[in-house]
Each structure stands twice: as structure tokens, then as C-alpha cells.
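Asker: Pasting a structure below so you can have a look.
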Amino acid sequence: MSTYMFKTKESSYTPVSNIFIDKYMTKARGEFVKVYLLGLKYCKSGEIGVNSQIIANTLHLLETDVLNAWNYWNEENVIKLVPIDNMGNYNIEFLDLYDDNIEIEKGSNINLLEELNNHSVKDMLEDIEKSMGRPLSSKEMMMYISWLNDLNFSPEIILLLVQYCTLKGKANIRYIEKTALSWFDAKIKNVDDAQAFIKKHEDKWVNIRKILNYLGIKDREIMKPQEELLSKWIESYNFSIDIIYKACDICFQRINKADFKYIDGILTSWHRDNIKTTKDIRKKDMKKNTSTNYKNLRNNSNQGSFNNFKQRNYDFEDLEKKLLGWDRND
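Going left to right, the sequence shown walks through residues 1 to 330 as UniProt numbering numbers them.
In C-alpha cells form, the structure reads like this:
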């Protein structure tokens, strides 16, 4: 159960941005919209915080729906979700929303008419419009053009980036800009770098979906902390899917449910022991069983030696006579 603390702006009514209604609400799942509106109401009415169970009961949803909703709105840059601790508690800030025609400072010094005389730039913008299925605003055009110098991207990389985002269903300008910055941080210099980055990222998500399906988790969205654990198992620990499945099996056998922290504990232990394959796991289990059997055998042996000790039978009257000297005839 998670608790959410709101940065409150007390009011007797709940204002909902038209931008939220026009651009975000229409493409979101119904239960996600419910969670956003109820959370916004709590925030605007001066509520300090509320836990996920109360939200779930109020909206007749599962707690996982609530967690997934906040994660979804955080990814869409509608709210800012900040972890408070390691117990699943968060601060939530409802962000001011803007449309796609926002001011883009980086492109403010660009002469758009002059840039459009450059055939490669003009072709790039036309191809982006085709990918997005709509005309670009002047502010968007300046943003893409600014990436040629500021991020040192070629027109081919920018087009590939936009196509990648639109194919994922993430065509809003903020998501595209966020992706561009992540590519820049990854030091992508050419189309080959970009394609390798996409493949690595998509391969990771294919494996994440396999693990979630194995755990019986069918929700499309997962929380950021869960994503970070899954990424750690796949990328940092470099475990195969079979190894992760094995940890999931052990988790189910021991506690009869899917628990990410429990599974992480198993995998962290294996990583520390330099376990790489299922064969390594079997060897470790055999070694552990051998050690346990030896201890049990030794304990049983000690116990058996005591129990098998043959007690002597003494004639205590005869012993008494000998001690008192009564056995000697004077």
C-alpha cells in the first residue's frame, strides 16, 4: 500500500485544464482519468495525503490500477511523481499543462524562413509531418531545427527519432523532446547508433513483458520502481530470462505470490555469488543440501552415541558394604 502526499492548493472547486481534456483525457484509460480527477480534487481541497487503498475503494478499482495510473500520468508529464522513501510513498505535484505550441527557447534565435530554404531541412520537416500525420507549428519546426546544432543530430537521426516515438503512440512534443535528450545523453552520433539504441531498448522491453506475463501481471503500465528492478535484473545483472523465471518460481514456492522485492533479494544473492546459469543454481542447491545433510547426520550421530551408551547395573548394597568395610571377616 502506497501513500501519496499532495502539494496542496486549497480551493472549494476543482479546476480541470482544457488541455487535459482535449489532449490527454481522450487517449487515456478510463480508470486512469478517474484517479487523476480524484487526486486533483484531493489536492485542490487541501488534503495533505491519501493512500492507494482509499483511492482504490473510492473508485472501485484495484490498488494496482491506482499505481499504474500515477505512473502513466508521470510519464505523460501531467504530474510529477517523486519517491519519498523506499516504502512506496510519493510526493505528487500536478503540473501546469501546455499545448504543443509552447515557447521553445532553444529555437527562438532561428530564422525559420531562411532555414526553410535549406533543402535538407525542408525535406526533414516534411517527412516529420508525414510521420505525425499533421502540419507542424512554427515552434515545433524551430525545435527540430535547433537539434541540428544544439544536439548535433543529423536530419536522418531526427526523423528516425520522431518515427520511433509516433510508432510507440507517443507523439506529443514533450515526450519527443525527452527522448531526444536521452539519445543525446547516450552519445548517439549516427543512424547506426540510433538503431542499436532502439534495438537494445526494445529488446529489454520484450524481456520485461515476458517476465510480467510469467508473473501473471497483465497490466500494460508498470510503476517506475518496478521498471527499475526489472531493468537491473536484465541489464545490470545481465541475467537470462530462465534465471529470472527460476527466481520467480522460488518466490511463489515460498510466499505464494509475486513480490518484486523478494525476487530482487534472490537475484541479488545470485549475482553476489557469481551465478550465471541454471546449472550454477543446481550446484549451489546441491552444495547447500549436502551441508545440511552432513549437519543432520552429525547431530543424529551424537544423539545416537548417547542413547546407545550401555548403562552398567550396580549392586548398591554390596558397594555400601565394601565402602564401610563390612565385607571383610575379622
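Positions of the beta carbon are idealized from the N, C-alpha and C atoms, including for glycine.
#1: What distance in whole Å lies between the Cβ atoms of V121 and I145, which are believed to be in contact at a cut-off of 8 Å?
#2: Between I128 and L159, which are expected to be in contact by the criterion C-beta below 8 Å, what is the C-beta distance as a whole number of angstroms?
#3: Should G169 be labelled buried (16 or more other beta-carbon atoms within 10 Å of its own) or exposed?
#4: What's the call for K34, buried or exposed, on a 16-neighbour Cβ count within 10 Å?
#5: Hey, could you find the ends of the alpha helix (DSSP H) N213 is sitting in?
#6: Pick out whichever of T166, L229, L38 has its Cα sitting closest to the Cα of G133.
#7: Quick one: what does DSSP say E129 is sitting in, helix, strand or coil?
#8: How should K261 be labelled, buried or exposed, when 16 other C-beta atoms within 10 angstroms of its C-beta is the threshold for buried?
#9: List the DSSP bridge partners of G30.
#10: Could you tell me how far apart the beta carbons of E177 and M141 are, in whole angstroms, since I believe they sit closer than 8 Å?
#11: What ranges does the alpha helix (DSSP H) occupy inside the UniProt domain "DnaB/C C-terminal" (224 to 284), keeping only unbroken runs of at least 4 residues that lie completely in it?
#12: To which residues of the same chain is F153 closer than 7 Å at the C-beta, ignoring the five residues directly before and after it?
#13: Assign N274 to buried or exposed, taking buried as 16 or more other Cβ atoms, counted over all protein chains shown, within 10 Å of its Cβ.
#14: Under three-state DSSP, which class holds V66?
#15: Can you have a look at L95 and say buried or exposed, based on whether 16 or more other CB atoms are within 10 angstroms of its CB?
#16: Go through its chain and collect everything with a Cβ distance to I281's Cβ below 8 Å, but skip five positions before and after it.
#17: Three Cβ pairs or more, each shorter than 8 Å: is that satisfied between the stretch 186 to 198 and the stretch 29 to 43?
#18: Going by other Cβ atoms of all chains shown within 10 Å of its Cβ, with 16 needed for buried, is E76 buried or exposed?
#19: How many Å lie between D259 and S138 at the Cα?
Answerer: Checking against the coordinates, here is how it stands:
#1: As a position in the sequence shown, residue 145 is number 145, starting the count at 1. As a position in the sequence shown, residue 121 is number 121, starting the count at 1. Between V121 and I145 the Cβ distance is about 6 Å, and since that is below 8 Å, they are a contact.
#2: In the sequence shown, residue 128 corresponds to position 128, counting from 1. In the sequence shown, residue 159 corresponds to position 159, counting from 1. Approximately 6 Å separates the beta-carbon atoms of I128 and L159; this is inside 8 Å, confirming the contact.
#3: Within the sequence shown, residue 169 is the residue found at index 169, counting from 1. Result: exposed.
#4: To locate residue 34, count along the sequence shown from 1; it is residue 34. Burial of K34 is indicated by the presence of at least 16 other C-beta atoms within 10 angstroms of its C-beta.
#5: The residue given as residue 213 occupies position 213 in the sequence shown. First-last of the alpha helix (DSSP H) with N213: 191 to 214.
#6: On the sequence shown, residue 133 is found 133 positions in, with the first residue counted as 1. With respect to the C-alpha of G133, the residue from T166, L229, L38 having the closest C-alpha is T166.
#7: Here residue 129 corresponds to residue number 129 of the sequence shown, with the count starting at 1. Helix at E129.
#8: By 1-based counting over the sequence shown, the position of residue 261 is 261. It counts as exposed.
#9: Position 30 of the sequence shown, counted from the start, is the residue given in the question as residue 30. Under DSSP, G30 takes part in no beta bridge, so it has no partner.
#10: Along the sequence shown, read from residue 1 onward, the residue named residue 177 stands at position 177. Along the sequence shown, read from residue 1 onward, the residue named residue 141 stands at position 141. In fact, because the Cβ distance is near 14 Å, the residues do not count as touching under 8 Å.
#11: Fully enclosed alpha helix (DSSP H) runs of 4 or longer: 224 to 231, 241 to 255, 260 to 272.
#12: By one-based count along the sequence shown, residue 153 stands at place 153. Counting only Cβ-Cβ distances below 7 Å, and skipping sequence neighbours, we find W147.
#13: Position 274 of the sequence shown, counting from 1, holds the residue named residue 274. With fewer than 16 other Cβ atoms within 10 Å, it is exposed.
#14: Position 66 of the sequence shown, counted from the start, is the residue given in the question as residue 66. In the structure shown, V66 sits in a helix (DSSP, three-state: H, G or I).
#15: Sequence index remark: in the sequence shown, residue 95 carries index 95 (1-based). Under a 10 Å Cβ-count criterion, L95 is classified as exposed, with fewer than 16 other Cβ atoms of the shown protein chains found around its own Cβ.
#16: To locate residue 281, count along the sequence shown from 1; it is residue 281. Excluding its 5 nearest sequence neighbours in each direction, I281 has C-beta neighbours in its own chain below 8 Å: I243, K246, W270, I275, listed in chain order.
#17: With a cut-off of 8 Å on Cβ pairs, the stretch 186 to 198 is not in contact with the stretch 29 to 43, counting fewer than three such pairs.
#18: In the sequence shown, residue 76 corresponds to position 76, counting from 1. So E76 ends up on the buried side.
#19: For this step, residue 259 is matched to residue 259 along the sequence shown. For this step, residue 138 is matched to residue 138 along the sequence shown. C-alpha separation (whole angstroms): 49 Å.
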